[in-house]
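To start, the structure under review is shown below, and the notes come after it.
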Amino acid sequence: KSPIVDLTTELNSPSGLFAVNNFSSLRSPDPSRSGIEACRTVEGGVLFSVKRSQTDYVAAAQLRNGGEDDVRSFILEMVLQEIPKHNVNLKRNYLAYGFNTITKTEYDSKRYAAFTRNYIQRWALEASPKDKKKQLKGEAVRPLSPICIYIDSVVPAPFVDNIKKAVEAWNEPLRKAGWKDVFKFSQRGEDAALSYRKIVFKWAGAYNDNNSTKVINSDNGEILCARVNLMDEKAKNLLNNYFLQCGQFDPRILKDNYSLDVRKDIMIPQVEALIGNVLGLKTNYAASSAFSPENLRSNQWLDQFGTSASVTAPLSFNYLLSASDKVTAANLLPRISTYDYEAISYAYGDRTLPPSFKAAYYAEMDKANPYAMGFLSNDVLTAVSAGMNNLKAICPKIPSILRKMNNEQNSWPQISEIASTAIALQRAYLLQVSKLIGGQSKRPVIPQVNEVPVTYVSKEQQVKAFEYLQENLFDAPTAWLKNDTLLMAVRSDLKDIMLSNVQTVAGEILSVETVSSLIGFETEQGSKAFTCDDLFGLIDKNIFKSYDPHATPSAYQLNVQAHFIKELLTCANANNITLGISDESAAIHSYLMRTARHIKELAEKHANPKTREYYQLMLMKLNQEYFNK
27 KSPIVDLTTE LNSPSGLFAV NNFSSLRSPD PSRSGIEACR TVEGGVLFSV KRSQTDYVAA
87 AQLRNGGEDD VRSFILEMVL QEIPKHNVNL KRNYLAYGFN TITKTEYDSK RYAAFTRNYI
147 QRWALEASPK DKKKQLKGEA VRPLSPICIY IDSVVPAPFV DNIKKAVEAW NEPLRKAGWK
207 DVFKFSQRGE DAALSYRKIV FKWAGAYNDN NSTKVINSDN GEILCARVNL MDEKAKNLLN
267 NYFLQCGQFD PRILKDNYSL DVRKDIMIPQ VEALIGNVLG LKTNYAASSA FSPENLRSNQ
327 WLDQFGTSAS VTAPLSFNYL LSASDKVTAA NLLPRISTYD YEAISYAYGD RTLPPSFKAA
387 YYAEMDKANP YAMGFLSNDV LTAVSAGMNN LKAICPKIPS ILRKMNNEQN SWPQISEIAS
447 TAIALQRAYL LQVSKLIGGQ SKRPVIPQVN EVPVTYVSKE QQVKAFEYLQ ENLFDAPTAW
507 LKNDTLLMAV RSDLKDIMLS NVQTVAGEIL SVETVSSLIG FETEQGSKAF TCDDLFGLID
567 KNIFKSYDPH ATPSAYQLNV QAHFIKELLT CANANNITLG ISDESAAIHS YLMRTARHIK
627 ELAEKHANPK TREYYQLMLM KLNQEYFNK
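Counting with this note's numbering, you get residues 27 to 655 for the letters of the sequence shown.
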């Protein structure tokens, strides 16, 4: 069979050499409407422009007006390219850093053993023999083949500058690793194709978030090329957050809530993070929590390190400031920082040490770890208190600030959007505090570097976290949110908003994950730990008023109690003891039964008849959903 026939078959097939069958819209192309549209040469290969068109029937159940055909057509660029011969040295993964990796099975013929090892994904940077000697002396040298950066012509001019600044910002970490002039920009049309040693920036496919994809040589981990999809949609979506969290420190956003300059500033760390990912770094969720409140209030510190130990961490603004802090607008955002420098030096240089900030050791997203969720600062409670104070200061001023803006921004929908964002931020802050209760930090064990796999949030911090929630959520609705204009804009009642937060936070506190962490803490540290009994004691005292039959809880506080009963029931039912009893289920069910006895007593003996009725309803729910099931 002719190679041309074979290649044509591959190009027209959804599987095989140019497999796209993971995408449902490309899985079954109609041969009569699909085919090769054009082809052209690229360096060492050929690029095919292939049309794929298919029709899928959408059933009536998915539509309101009966079934219909869904017709879709795509033009795909498919590249077949010979990669030049070159050396690629494998680099072992180091758990203290977060790199994308490949896995290889290696065989030891002398010991008759096989080992699975992880090697990092990175670009192949080669130096001439002469330059290698210079590198050994600490001098940065040019790679034999630079990485070509192509920026799509449809990218708006202001954001082209952003991309260039973000790319150039990585030159310094690469220089510290021994390389200079790693990137070269090109506007040649032939460089628009996703081919070897190219990074192509496209202004498309990023309505929810900016994203990147890489083509990897799975044999040696070499990154062959990458595409970055970006738009300013994510930056636009964050403008209201910036307005509320940083408005007191950056007057630009108070004059124009759609400020192009602010959008550009927000996009720069977003693009820097994307380039970090393209260079092989994974998102480091621990990096945002590496610095102290004192660090984040110091211009000198922020000038050098920014707000996070890594720009790859989830983007957060510096809301830890107060009006007395004289921090510049440039220091409200993260930048390429210490972890990034050291990770690049490990991947592309000769660094062998772990990150200098132990708190910045790589961690993936962990919902049980308040220091691996992208929260700002290593003191979550102080950061949240500052963030809440800033919300408290700006929320009453929102209508008057918007009145000074143009008609489009001084509108009821805009007030509604900002008010909704304020409520969402308050909820997010409260959730951050709730994560301290039962919080634990897990890190991989690395001999002589980190030999403690789990660190628990201290007892003192957990008690303070509960006290903060009691004062700012459980005791009464937030006073500073009692703003008729804002509440009218979101069409919600303040009590309903707060009780929704109560339900979410109570669900976090009364979860099997929290109980399991507290049991582990007690097992490890005994009386020094914050235990299940400590947590349940705080709930009894603060939420249920020690079950005092003469206490006079407000209607709001009674609703809070009802939500705690509901979440306790949810946790108990999700961890039933039918198939056996664990430490966690024993603690949960024991506390539920004890609470139920107290609620029964209050339902019978509370001094206030109306309050007694509330407890009778709670008892009814307990019986219906637990005891009488």
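For glycine and all other residues, C-beta sits at the position ideal for the given N, C-alpha and C.
Residues in the same chain with beta-carbon distance under 6 Å from residue 622, minus the five sequence neighbours each way, listed in chain order, please.
648
Using a Cβ-Cβ cutoff of less than 8 Å, which residues in the same chain neighbour residue 218 once the five nearest sequence positions on both sides are dropped?
176, 178 and 226
So, with DSSP's three-state summary, where would you put residue 459?
helix
Would you report the Cα separation of residue 504 and residue 151, rounded to the nearest angstrom?
56 Å
If you measure between the beta carbons of residue 352 and residue 188, is that distance less than 8 Å?
no
Sub-8 Å separation of residue 417 and residue 452 beta-carbons:
yes
Bridge partner(s) assigned by DSSP for residue 140:
133
Beta strand (DSSP E) runs contained entirely in the region 187-274, provided each spans 3 or more residues
209-212, 224-228, 237-242 and 249-255
Does the ligand HEM have even one heavy atom less than 7 Å from the beta-carbon of residue 68?
As for the ligand HEM, it is missing from this structure, which has no ligand bound.
Is the separation between the beta-carbon of residue 199 and that of residue 366 shorter than 8 Å?
yes
Have a look at 628, 591 and 331 and flag the residue whose alpha-carbon is nearest the alpha-carbon of residue 574.
628
Under the three-state reduction of DSSP, which class applies to residue 391: helix, strand or coil?
coil
Look up residue 43 in the DSSP assignment and say whether it is helix, strand or coil.
helix
Pairs of beta-carbons, one from the region 95-103 and one from the region 337-354, closer than 8 Å: are there three or more?
no
Where residue 70 falls: helix, strand or coil (DSSP)
coil
List the DSSP bridge partners of residue 101.
77
For a minimum of 3 consecutive residues, which ranges assigned as the beta strand (DSSP E) are wholly contained in the region 350-393?
none
When the distance is taken between beta carbons, is residue 462 closer than 8 Å to residue 379?
no
Secondary structure at residue 476, three-state DSSP: helix, strand or coil?
strand
Out of 212, 259 and 201, which has the shortest C-alpha to C-alpha gap to residue 229?
259
In the structure shown, what three-state DSSP assignment does residue 117 receive?
coil
Whose C-alpha, out of 630, 239 and 387, is nearest the C-alpha of residue 576?
630
Alpha-carbon to alpha-carbon, residue 268 and residue 589
32 Å
Option nearest residue 119 by Cα separation, candidates 80, 363 and 143
143
For residue 653, count neighbouring Cβ atoms within 10 angstroms of its own Cβ and tell me buried if that reaches 16, exposed if not.
exposed
Flag this pair as yes or no: are the beta carbons of residue 394 and residue 539 separated by less than 8 Å?
yes
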